[in-house]
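First the structure, in the form of C-alpha cells, and then the observations on it.
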Amino acid sequence: MNTSVDEGKNQITNAATQAELIQKVDDYIEAQSKLDLLRFITCGSVDDGKSTLIGRMLYEAQMIFEDQVTSLRSDSKRMGTQGGDIDFALLVDGLAAEREQGITIDVAYRFFNTDRRKFIVADTPGHEQYTRNMVTGASNADVAVILVDASQGVLSQTRRHSFVVSLLGIKHVVLAVNKMDLVGFKQSVFDELVASYEAFAEKLEFETITAIPLSALKGDNVIERSKNTGWYRGPTLLGFLETVEVRQAQLDHAFRFPVQWVNRPNADFRGFSGTVVAGTAARGDSIRVLPSGEIANIKDIVLYQDNLQQCVADQAVTITLDREIDISRGDVIVAAADPCEVSDEFEVALVWMAAEEGFVGRSYWLKIGTQRVKASITDIKFKYDVNTLEQMSTKSLGLNEVGRVTMHLDTPIPFEAYRDCHGMGAFVLIDRYSHATVSAGTIAFALRRASNVHTQALTIDKAARAEMNGHKGKVLWLTGLSGSGKSTIANATEQVLFQRGVHTYILDGDNVRQGLNQDLGFTEADRVENIRRVAEVAKLMVDAGLVVITAFISPFRSERDMARSLFDEGDFIEVFVDTPLATAEARDPKGLYKKARRGELPHFTGIDSPYEAPQNPEATLNTATLTLEECVAAMDKLI
11 MNTSVDEGKN
21 QITNAATQAE
31 LIQKVDDYIE
41 AQSKLDLLRF
51 ITCGSVDDGK
61 STLIGRMLYE
71 AQMIFEDQVT
81 SLRSDSKRMG
91 TQGGDIDFAL
101 LVDGLAAERE
111 QGITIDVAYR
121 FFNTDRRKFI
131 VADTPGHEQY
141 TRNMVTGASN
151 ADVAVILVDA
161 SQGVLSQTRR
171 HSFVVSLLGI
181 KHVVLAVNKM
191 DLVGFKQSVF
201 DELVASYEAF
211 AEKLEFETIT
221 AIPLSALKGD
231 NVIERSKNTG
241 WYRGPTLLGF
251 LETVEVRQAQ
261 LDHAFRFPVQ
271 WVNRPNADFR
281 GFSGTVVAGT
291 AARGDSIRVL
301 PSGEIANIKD
311 IVLYQDNLQQ
321 CVADQAVTIT
331 LDREIDISRG
341 DVIVAAADPC
351 EVSDEFEVAL
361 VWMAAEEGFV
371 GRSYWLKIGT
381 QRVKASITDI
391 KFKYDVNTLE
401 QMSTKSLGLN
411 EVGRVTMHLD
421 TPIPFEAYRD
431 CHGMGAFVLI
441 DRYSHATVSA
451 GTIAFALRRA
461 SNVHTQALTI
471 DKAARAEMNG
481 HKGKVLWLTG
491 LSGSGKSTIA
501 NATEQVLFQR
511 GVHTYILDGD
521 NVRQGLNQDL
531 GFTEADRVEN
541 IRRVAEVAKL
551 MVDAGLVVIT
561 AFISPFRSER
571 DMARSLFDEG
581 DFIEVFVDTP
591 LATAEARDPK
601 GLYKKARRGE
611 LPHFTGIDSP
621 YEAPQNPEAT
631 LNTATLTLEE
641 CVAAMDKLI
C-alpha cells in the first residue's frame, strides 16, 4: 500500500518537473523570439586574425558544445598554429584547404546569441582573389568588423575591404586593431594606426568608426575588458555589437514589399506573398502597386494561420487587398502616399565577380528583389583603384574590379537608391547562357533621360513603308570567320535582289570601320561595341523598309542575340557561313591570318580570340562545299 502511494507521489513529482521544464523551454523560446538580429562580417587582410576572433567569441560566449571543444583541442594539436594550445581559427575554417594553408577561402557563417541579441557572423576571406566571396558575405551585413594587424598597420587589402564595405552601404564599422600583444599593448601604436585609417576613411561613407584594441588570441577586449589596455575607455567588441543600433532606419522608411508569389490556394482567397524590405504596414493602409500605379487598401495580413494587425521590415507575410488588382511576381507594393520611382536607365556601381570580362553592349539578366529583367551596360564611366580610390578610365571590368557604369533595362522597374533602401537598390547580373552570377551591383540613381526621353509617334510607320516598297524590311545577318565568304555572298545576293526591285543595303565590316566605327579597335570590348552599333543602324534601316545584309565576323553569341532582340519576330535572320578554319586560312584574301600567326594582329578571331558558332541559325552555308550560286539561291529563299 505504501509502495503504491510513493509511486503515485513520484509520478506527480515527475509530471510537475516535466511541466516545469516545458514551461522553461517555452519561456526561453519566447525570450529568444523577442531578441533582434544583428548580421556582421569580419574582413581585412590575410592573417589579421578574423577566424581566430570569431572562434574566441564563440568559445568565450559558451556557444559551442563539449564535443566541439574536444574536437577543437584535438585538431589544434594536429594542425593548429599555436604550439598545441587551442587554435580558435579552426572553429571557423572548415575547408581542408583553409586548414592546410591557415587562410580563409570561402565565406563561413556562424550563429550565436547572448541575452541581449542574436547574431549571424560571416567570416570573409582576406586574399584579393576572393574579393567576390567577401562581397557575398557583406551584402546582407549591418556592421563590418575590419581587422588590422597592429604590427603591420593599414594594408592595401584593408583599404580594399573598407571601400567595398562602404560601397555596399554598411554604415557602422569596428576598426579592430588586433594582435596588440605583439606591440606590447602600446597606446601610441594604436593611436597612430587609428589616425592613419580615419584619414583614409574620410573618402568613404561610414557613419561611425569605433576603434577597439584587441588580442583575439588572448581574448583582450573581445568579451571582457582587458587589464593590458588601461588607457582604453571604449566598449569591448561584444559590448559594441550588443548595443549598436542599425534597424531603426529600416523601420522608419516608407513601406516596400516586393511580391514573390501570388497565393491562390482556392477560389475564395487571393493574396500576395513576400518579405517586407522596409517600413511597416497595417490593415486599412492605402497602398500603391508599381509599376502599374494601381491603388487599393490592405484588407488583411496573414502569417501562416495568424491574422496580423501589422507587418514590419524583414517579416515574410501574405497581404490581401480590398479590391481586385492585376499583380504578379516582381511587382512592388508600396505606401500610396510615399511611392518609389520607376525607371529603366540607371547609373550603378558594379563589383565584377566573373573571370569573363564585362563590356559595354553585352546583355545580362538583372535580378533585383523578386524581378528579373534583361539589362545591358551602356557605358563604363570608370573603375576604381581601390587602394587610392582614384577613378581610372577603362573599356571593361575584370574579376574583382569595381566600377561605375550606366545600364539600360528592357523593362522599367520600381527602385530606390541603394543608400536609401538596400532592398530596393541591390541587384545581381546573371549570364544569360551559363546562369552564373557575374556581378553584384547597387543603384546610385536613375538617369534623367529615362524620364525625359519618350518614343515619338510617327504617322508613316514600318507597315506603311513595307506596303510602298512591296516587301518587308528585314536583316540577313551573316556571321563566320574571316575569309569564310561573307562579303562575297552578301554582294552577290544584293545584286540578285536589286534586279528584282528589292530595296537593299549592305553593312560590311570593313566599310563600317572606315566611318561609323573608325574609333574602335579589335579588343573584345571593341568588338562588342562594334556589333552593338551595327545592330542599332540595321534596326533603323529595317524600320525604313530595307532588306539589310550584314557581313561581320560577330564572334560572340551574346552580341548576336542582343542584335536579334532589337527586331520583331521574323525580321532577324541569322546565317552561319560555316567554313572550317583551315579553309578560311588557306584563302586568306587579305593576308590577315599570316599576320596573326606572326603575332602582328592580336585578338584575331580563330587564332587568339574565340569564335562562338551559332546554336540555332535560320540558315547554314558551308562555302567549302557549296558554290557561290548555291549560297545566293539559299539566301534568296530567306527573303
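The sequence shown begins at 11 in my numbering and counts up by one.
All C-beta atoms, glycine included, are put in the ideal place defined by N, C-alpha and C.
Assuming residue i contacts residue j (C-beta within less than 8 Å), just tell me the rounded distance between them.
{"i": "I156", "j": "C53", "result": "6 Å"}
{"i": "K472", "j": "D553", "result": "5 Å"}
{"i": "E367", "j": "E534", "result": "7 Å"}
{"i": "G433", "j": "I453", "result": "Not a contact, Cβ separation roughly 11 Å."}
{"i": "R169", "j": "F210", "result": "6 Å"}
{"i": "L261", "j": "L48", "result": "About 15 Å separates the two Cβ atoms, so there is no contact after all."}
Is the beta carbon of residue i sitting closer than 8 Å to the one on residue j?
{"i": "F532", "j": "H613", "result": "yes"}
{"i": "L591", "j": "L491", "result": "yes"}
{"i": "P624", "j": "T489", "result": "yes"}
{"i": "I308", "j": "G289", "result": "no"}
{"i": "F122", "j": "L177", "result": "no"}
{"i": "T589", "j": "A634", "result": "yes"}
{"i": "D332", "j": "L300", "result": "no"}
{"i": "Q167", "j": "S61", "result": "no"}
{"i": "T218", "j": "V183", "result": "yes"}
{"i": "S406", "j": "A346", "result": "no"}
{"i": "A160", "j": "V193", "result": "yes"}
{"i": "T380", "j": "G519", "result": "no"}
{"i": "C431", "j": "V558", "result": "no"}
{"i": "G413", "j": "L360", "result": "yes"}
{"i": "T239", "j": "L185", "result": "no"}
{"i": "F282", "j": "I378", "result": "no"}
{"i": "F582", "j": "W487", "result": "yes"}
{"i": "Q188", "j": "G59", "result": "Residue 188 is actually Asn in this sequence, not Gln. In contact: N188 and G59 (Cβ atoms closer than 8 Å)."}
{"i": "S172", "j": "L214", "result": "yes"}
{"i": "V145", "j": "Y207", "result": "no"}
{"i": "M645", "j": "T503", "result": "yes"}
{"i": "D316", "j": "A264", "result": "no"}
I need the straight-line Cα distance from residue i to residue j, nearest angstrom please.
{"i": "V587", "j": "D578", "result": "23 Å"}
{"i": "I115", "j": "M363", "result": "Confidence at I115 is low in this model, with a pLDDT of 42, below 50, so its placement is unreliable and no value can be given for it."}
{"i": "L638", "j": "Q505", "result": "13 Å"}
{"i": "L602", "j": "R608", "result": "10 Å"}
{"i": "K549", "j": "N632", "result": "27 Å"}
{"i": "I335", "j": "R280", "result": "10 Å"}
{"i": "L45", "j": "D125", "result": "8 Å"}
{"i": "G511", "j": "L526", "result": "28 Å"}
{"i": "F455", "j": "L648", "result": "45 Å"}
{"i": "A594", "j": "S494", "result": "5 Å"}
{"i": "T330", "j": "R266", "result": "15 Å"}
{"i": "D310", "j": "K181", "result": "35 Å"}
{"i": "A629", "j": "D618", "result": "27 Å"}
{"i": "I130", "j": "E304", "result": "38 Å"}
{"i": "N24", "j": "L248", "result": "40 Å"}
{"i": "S449", "j": "F200", "result": "37 Å"}
{"i": "E584", "j": "I390", "result": "29 Å"}
{"i": "V642", "j": "K496", "result": "11 Å"}
{"i": "R120", "j": "A306", "result": "42 Å"}
{"i": "A500", "j": "Q509", "result": "14 Å"}
{"i": "D191", "j": "Q197", "result": "12 Å"}
{"i": "A291", "j": "I337", "result": "18 Å"}
{"i": "A277", "j": "I343", "result": "22 Å"}
{"i": "S236", "j": "V175", "result": "28 Å"}
{"i": "H445", "j": "M478", "result": "44 Å"}
Quick one: what's got a C-beta closer than 6 Å to residue i's C-beta in the same chain, skipping five residues either side?
{"i": "W685", "result": "In the structure displayed, the chain extends from 11 to 649; residue 685 sits before or after that span and is not available."}
{"i": "L556", "result": "G483, H513, Y515"}
{"i": "I51", "result": "A132, T134, G147, A148, A151, A154"}
{"i": "F75", "result": "Because F75 carries a pLDDT of 47, less than 50, the predicted location of this residue cannot be relied on, and the following value inherits that uncertainty. Same-chain partners within the cutoff: there are none."}
{"i": "A326", "result": "T285"}
{"i": "R523", "result": "none"}
{"i": "P627", "result": "E584, F586"}
Excluding the five sequence neighbours on either side, which residues of its own chain have a C-beta within less than 7 Å of the C-beta of residue i, listed in chain order?
{"i": "Q401", "result": "F392, Y394"}
{"i": "T4", "result": "With the chain running from 11 to 649 in the structure shown, residue 4 is simply not present."}
{"i": "E70", "result": "G229, V232, I233"}
Legend entry - Given 8 Å, three or more beta-carbon pairs between the region 244–255 and the region 316–324: no
Inset, instruction - Count the C-beta pairs between the region 228–240 and the region 270–279 that are closer than 8 Å, then say yes if the count reaches three, no if not. - result: no
Inset, instruction - Evaluate the contact criterion for the region 525–539 versus the region 360–380: three or more CB pairs, one atom per stretch, below 8 Å. - result: yes
Inset, instruction - Inspect the CB distances between the region 476–487 and the region 383–392 and report whether three or more fall short of 8 Å. - result: no
Legend entry - At least three beta-carbon pairs within less than 8 Å, the region 417–424 to the region 340–357: yes
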